[in-house]
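J.: Sending over a structure as structure tokens; questions will come in a sec.
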Amino acid sequence: MTYHLILFAVLLIFIMASVMLQNLLYSAIMLALGSVTVSLIMFTFSAPWAGVFELSVCAALLPVLVIGTIKLIDAGGRQDLDEGNEDNCGSLGFNIQPVENRIKFRILPLVVSLIAVLGWIFFIPFFEALSKYPYMNSLNRDLGKIIWAGRSQDLIAQITILTAIAMAMKSILHFSGGKNKESKE
Amino acid sequence: MMTSLLAYLLIPLSSAVIIQFLKKNDKLADIVSNVSLFAGLLNISYLIFNPQNVRFSFASIADNGFSLIMVLAIYLIAFCVSLFSSGFIPRTKNKHNFYSLLLTGVAAMCGVVISLDFFTLYIYAEALAIVSLAMICYEDNERGAEGAVKYFFLTLPGSVFILTGISILLFTAGTFNFLNLQSIANSGPMSTANMVAVAFLCIGFLIKAGIVPFHTWLIDAYQGAYSPVSAFLGGIATKVSGAYAIIKIVMIFKLFESTAGRISEALMLLGAITIIWGAIAAIRQKNFKRMLAFSSISQTGYIVLASGLGTPLAVLGAIFHLFNQATFKGTLFLNSASIEKSAGTTNMHKLANLENSMPWTTWTSIIALLAAAGLPPLSGFWSKLVIVLALWEEGAKGYAFLSLFFMLVTFAHFAIIQKKIFFGKKAADGEKSREMPVFMLLPVVLLSMIIILAGIFFPHVYSFLMQAVTRNML
Amino acid sequence: MITLFSVDWYLISIIFFIGLYCMLVSRNMFKQLLGLQIMSKACVLAIILCGAATNNVNLSQAIAITMILMEVIAVLAGLGLILKAWKITGCPDLVKLSKLKG
């Protein structure tokens, strides 16, 4: 139980850090660490398959994609800056970070502690009532059986959504070549 | 999942993949998309309206009647959009990408309406959201990008709320299957935990439907979208991902009968606010597409108001209004695309007297506008009448008066559009406008014929919907 | 006596609110995406917790795996959209995109 709660505390710290940090690279890395903690929490709930999936996908794949995009935009911005294009946000040429009020992020611990106090008063009674709820007894079947037999309709749905994202990325990332540059000149 | 209707999902999905291999040949892509959608449309029409079914007043298809009529609406609008865009989109614009997205969207929408499970419904709704956002920014300009960004960042929190509701349902019921949930809801008064779950689900789907506190994304998305895409979104996509699920929740949990009266009251209040806000804001708009977007919000308000009431008659009205709204908003958005193409603008101050140069566009728009306002022989009148009657029967007389009053305000929209766009003095932009080719007029003519026919044959429609609703709600 | 179950729910709801706050206050699209990811992590944890509490953990694992897939797809679409908006406006700032008006 202590181990479990410590993991939750670590998760909270990582997530708050990822929201509060100004540098987007660091915040992406913090979110990845938080993802690792989430997968550890899943192991303590004796849900190893979901934990492994979370570890391999959310903690490994997503930060790579996000950091790749950030770096791509950063590099592209620098290039624009070299050409003397100052039509960008911020006074220092292109900045990946739009100029915004940092105070909203600095007060996050305050907001979180406020939510925590209010939640302790208002949410805990509800959750206590929920924990005494007479839940339905379930047939705790094998995971593979559930996926293939019980949730087979989800598999068709997943095929649909994978087709959708493939088509969507193909359409979104298709830029009509050179049109933007002409309009800038 | 209703396996008997699975073909309506799989055929467009495979056509979407096939079209990707027809890169070089746009004509062939046109043909594949239109033929597969038209075949589906004929098939579903025969399934519903064959003479035997009509003679026995639709007794054989009553169980999944709601899904069938939604599949019909999806195929109807998608076929019209596809046929329209085969003439609308120029060759240089990668037509095959557009068709693939459209067909994948049709597959996702069919998945939403044939799924028997909240989690499956959520997955399909997510697929539909991704397809819609790719379609909104199909054109490479700032408007489209802005619409897509707003759509993404303001509707995706909605799906997180749906997930929260699903996780509470997993705890309290152990299942998301509609039949099991219905038997749990029938077994006794609803517990607080179930109510919280239903409230989370409702918030999520209301965000996706664009009801008033959450409507900001909808207007920009409709206005910024590539023109045929607005017809697809406004006609069917947002209705399927939002309003359909609300009606389904009401049918399953019977919010009206059980102790969960508060959710039902909240839904009715939100619906009423949406009707008022959408109708009043629509009057003040200068852009035709933006005005249509606000008017569409107001019409969605009627659906939410009726489904919040939750009696069988009100749900019937909501379903019929959903279908009608698909037809008349489809017509109007397609016509706005025609106007944008031929006159070069949708700003209402720059347009006038299109009746001379574009008679077909004008008269189909007028039929659709009159149906939206609720003129008697047309379909929109019957659905609004059913809703008002249901409200009156249950003693919600204030809401009934409000619905009647805002039917009149919708007439005011009609008067404004009629005066500024179709009739009146000649304007510079109206001069050079020309009527669209016949391929682009066919879809709107088809849709306006359906508006008239659904109004004239209302008794048949009523018996079909009554069978569908009573079987589902017992 | 407060059970571990309700403490877990409480902590998960705090995580959910952090994500919501991040989405509400931030103007940067990357930060918005981050808030979305945090919220969906809270949902995945809630699903697993419900399954563990009702002795139904395998069903909840099947759901959670699909949800993680969904999160990846949403983030992919978001990143594609950010790239598109950056190509067009030159800045991942939400406020820059405000041309549409009545």
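Residue numbers (this note's numbering), protein chains in the order written: chain L, 259 to 443; chain S, 17 to 490; chain W, 136 to 237. Beta carbons: idealized from backbone N, C-alpha and C, even for Gly. Keep in mind it's a predicted model, so treat the numbers as computed, not measured.
What are the residues that DSSP puts in a beta bridge with Asn363/S?
T.: Asn303/S
J.: Taking a contact to mean a Cβ-Cβ separation below 8 Å, would you say Asp133/S touches Phe192/S in this structure?
T.: yes
J.: Per DSSP, which residues does Asn193/S bridge with? Please list them.
T.: For Asn193/S, DSSP records a beta bridge to Asp133/S.
J.: Could you tell me whether the Cβ of Ile379/L comes closer than 8 Å to any Cβ of chain W?
T.: no
J.: Inspect the beta-carbon positions of Val245/S and Ile182/S and report whether they are closer than 8 Å.
T.: Taking 8 Å as the cut-off, the beta carbon of Val245/S is found no closer than this to the beta carbon of Ile182/S.
J.: Closer than 7 Å, Cβ to Cβ, to anything on chain W: give me those residues from the region 166-178 of chain S, in chain order.
T.: From the region 166-178 of chain S, only Phe168, Phe169, Leu172, Pro173 and Val176 have a Cβ closer than 7 Å to chain W.
J.: Cβ of Phe187/S less than 8 Å from any chain L Cβ?
T.: yes
J.: Helix or strand or just coil, what does DSSP make of Gly351/L?
T.: At Gly351/L the pLDDT is 32, less than 50, meaning the model places this residue with poor confidence and gives no usable figure here.
J.: Name the chain L residues whose beta carbon is nearer than 8 Å to that of Leu214/W?
T.: Leu323, Val324 and Thr327
J.: Would Lys176/W count as contacting chain S if we go by Cβ distances under 8 Å?
T.: The beta carbon of Lys176/W sits no closer than 8 Å to any beta carbon of chain S.
J.: Let me know the alpha helix (DSSP H) ranges lying completely inside the region 140-222 of chain W, each 4 residues or longer, listed in chain order.
T.: 164-188
J.: Hey, Gln239/S and Lys305/S: beta-carbon distance below 8 Å or not?
T.: yes
J.: Evaluate contact between the region 209-216 of chain S and the region 110-124 of chain S, counting only Cβ atoms and requiring at least three cross-stretch pairs below 8 Å.
T.: no
J.: Using C-beta distances below 7 Å, list every residue in its chain close to Gly342/L, excluding the 5 sequence neighbours before and after it, in chain order.
T.: Bear in mind that the predicted position of Gly342/L carries a pLDDT of just 45, short of 50, making it too unreliable to give a figure here.
J.: If you draw a straight line from the C-alpha of Leu29/S to the C-alpha of Leu92/S, how long is it?
T.: 17 Å
J.: Quick one: which unbroken beta strand (DSSP E) runs of 3-plus residues sit fully inside the region 102-158 of chain S? Chain order, please.
T.: Those beta strand (DSSP E) runs which fall completely within the region 102-158 of chain S and span 3+ residues do not exist here.
J.: Mind checking Asp143/W: buried by the 16 CB within 10 Å criterion, or exposed?
T.: buried
J.: Residues in the region 143-166 of chain S with C-beta within 8 Å of chain W's C-beta atoms, listed in sequence order?
T.: Ile146, Leu149, Ala150, Cys153, Asp156, Asn157, Glu158, Arg159, Ala161, Glu162, Gly163, Ala164, Val165 and Lys166
J.: Using only alpha-carbon positions, find the residue among Arg364/L, Phe384/L, Ile414/L and Val296/L that is nearest to Met211/S.
T.: Per the Cα distances, Phe384/L.
J.: Do Thr189/W and Gly471/S have their C-beta atoms closer together than 8 Å?
T.: no
J.: Can you confirm whether Ile430/L, when its beta carbon is compared against all beta carbons of chain W, has any partner nearer than 8 Å?
T.: Using a Cβ-Cβ cut-off of 8 Å, Ile430/L counts as an interface residue toward chain W, since at least one Cβ of chain W sits closer than that to its own.
J.: At a cut of 8 Å, does the region 226-238 of chain S reach the region 161-171 of chain S through at least three beta carbon pairs?
T.: Using a Cβ-Cβ distance cut-off of 8 Å, the region 226-238 of chain S and the region 161-171 of chain S are in contact, since at least three pairs of beta carbons, one from each stretch, lie closer than that value.
J.: If you compare alpha carbons, which of Ala89/S, Phe310/S and Ile227/S is closest to Ile262/S?
T.: Ile227/S
J.: Out of curiosity, what's the CA-to-CA distance linking Asn281/L and Leu57/S?
T.: 53 Å
J.: So with CB distances below 8 Å, who are the chain L contacts of Ala187/W?
T.: Those are Phe303, Ser304 and Ala305, listed as they occur along chain L.
J.: Beta-carbon within less than 6 Å of Ala295/S's beta-carbon, same chain only, minus the 5 sequence neighbours each way: which residues are those?
T.: Ser314, Phe422 and Val425
J.: If you draw a straight line from the alpha carbon of Gly390/S to that of Ile466/S, how long is it in whole angstroms?
T.: 15 Å
J.: Mapping the DSSP letters down to three states, classify Gln416/L as helix, strand or coil.
T.: The three-state reading of DSSP puts Gln416/L in helix, counting H, G and I together.
J.: Please confirm if Leu298/L has its CB atom under 8 Å from at least one CB of chain W.
T.: no
J.: If you measure between the beta carbons of Leu265/L and Leu298/L, is that distance less than 8 Å?
T.: yes
J.: Mind checking Gln172/W: buried by the 16 CB within 10 Å criterion, or exposed?
T.: Gln172/W should be labelled buried.
J.: Could you give the distance in angstroms between the alpha-carbon of Ile403/S and the alpha-carbon of Leu386/S?
T.: 18 Å
J.: Within a Cβ cutoff of 6 Å, which residues of the same chain sit near Phe269/S, ignoring the five residues on either side of it in sequence?
T.: Correct list, in chain order: Ala201 and Val214.
J.: Just curious, the alpha helix (DSSP H) that Cys218/S is in, first and last residue?
T.: Thr208 to Ala225
J.: When the Cα of Leu350/S is compared with those of Leu405/S, Phe248/S and Ile292/S, which residue comes out closest?
T.: Phe248/S
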